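2 protein chains.
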Amino acid sequence: MTDETATANLGSAQLGPSPEFGTRPGEITGALPSAFDAGVYFIGRLRTPWTKRSDCPKNARESEAVCTVEIDPSFVPALRNLQGTSHIWLLYWMDRSPRDLLVQVPRHYGEGRGTFALRSPARPNPIAMSAVKLLGIEGNKLAVIGLDCLDGTPLLDIKPYFASTDSLPDAVVGWHAERPANAPK
Amino acid sequence: MTDETATANLGSAQLGPSPEFGTRPGEITGALPSAFDAGVYFIGRLRTPWTKRSDCPKNARESEAVCTVEIDPSFVPALRNLQGTSHIWLLYWMDRSPRDLLVQVPRHYGEGRGTFALRSPARPNPIAMSAVKLLGIEGNKLAVIGLDCLDGTPLLDIKPYFASTDSLPDAVVGWHAERPANAPK
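So the protein lines, in turn, are chains A and B. Counting from 1, one number per residue, gives the positions in the first sequence under our numbering. Counting from 186, one number per residue, gives the positions in the second sequence under our numbering.
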């Protein structure tokens, strides 16, 4: 489970920052474990209108763009019963993000914040999640509204959104409530 | 990225059903890809009162048990600014679940449903997520309410819960609305 070969094969693309990311003043990086503990499959891709990071909406609620979830055909049977569900969670892999940032300075905001207090794609396991509106399913394609990621982003999972456990309208993020107006998450 | 050695090293514990799981009538399994596409780090462990699957609450909202998130000390700087946040998402790895079930028959309910229409831990990438109440942080330990998983479950990520994007009180899961009373998710 902690074999150097596995690390070398799986990790090289993820371990270093991409040219799009650099460490800014105030940021703190940490040493990552020497090997991965488990592996993930990319089960499909997210098709969005955005091919550059600077084009992506800052917040998924800003965009009404209809995006497409393309799952690999072998997983189509797992979509059974999903039709008729209003919203789903998409979990996806932010494969261009550095994984060693512990404190980071968001793009539009000057103060360093802990990675676990942010929804930034840069995190030890770069798994992003978005609750999106499900418009329809046709074969291996799902039409959704509510994504903000790059075209081609690898998909990890689809889950139904259950309001009974997932919806917490009164939840408060302490530092965010105190931020300047228009600062990003 | 698609090396057989990596598969062998990372995958053996996850690829087959555990003795706790078996394929029930009506269930459909599929062939998984021959190799993993990326690797995850276990960044900590969830400490809960439940050591057997049968003891776990069926629904996280059923339990008021205070549980502990223990993160590896090297990730403590990433907790900065999290104090004062009322609810967080925990993403964790359901390492005892089979990954090849496409249609499954829930334990207390006789009808086969697609994996992506369920919150079952058995899925191609066994990543579970729970929105939990954050009671406090001390060093590398977070006290939370709202977990339903086994003691020792590996942690993948902590994210702040943002009501503005995560809370959808009117979301409806089609098949669930039509199910018999008391049937599980």
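By construction, the Cβ of each residue, glycine as well, lies at the ideal position given by its N, Cα and C atoms. Keep in mind that this is a model prediction, so the values were computed, not measured.
- Counting only residues of its own chain and dropping the five nearest sequence neighbours on each side, Arg209 of chain B has a CB closer than 7 Å to the CB of Val290.
- Scanning A:Gly84, A:Val76, A:Thr85 and A:Val172 for the CA closest to the CA of Gly44 of chain A turns up A:Val76.
- For Leu32 of chain A, at least one C-beta of chain B is nearer than 9 Å to its own C-beta.
- It is roughly 49 Å from the alpha-carbon of Gly26 of chain A to the alpha-carbon of Thr214 of chain B.
- Judged by pairs of C-beta atoms under 8 Å, the segment 135 to 149 of chain A does not touch the segment 237 to 249 of chain B, as fewer than three such pairs exist.
- Nearest CB-CB separation between Asn140 of chain A and chain B: not below the 9 Å threshold.
- The residue from B:Val251, B:Ile273, B:Leu335 and B:Ser219 with its alpha-carbon nearest to that of Ala117 of chain A is B:Ile273.
- The criterion of a C-beta distance shorter than 9 Å is not satisfied by Thr300 of chain B and Leu319 of chain B.
- Here Gly321 of chain B is exposed: its Cβ has fewer than 16 other Cβ atoms, across all protein chains shown, within 10 Å.
- Leu91 of chain A is not a Cβ neighbour of Val69 of chain A, given a cutoff of 9 Å.
- Residue-level contact check: Arg281 of chain B does not touch chain A, since none of the beta carbons of chain A fall below 9 Å from its beta carbon.
- Note on Lys344 of chain B: 16 or more other CB atoms within 10 angstroms of its CB, so buried under the neighbour-count rule.
- For Pro291 of chain B, the three-state secondary structure derived from DSSP is coil.
- In the DSSP assignment, the residues bridged to His272 of chain B are B:Lys318.
- Nearest to Asp280 of chain B by C-alpha distance, out of B:Ala316, B:Cys334 and B:Ala263, is B:Cys334.
- Under the Cβ distance rule, Thr350 of chain B counts among the residues neighbouring chain A, one pair being separated by less than 9 Å.
- Here Ala362 of chain B is exposed, its C-beta having fewer than 16 other C-beta atoms within 10 Å.
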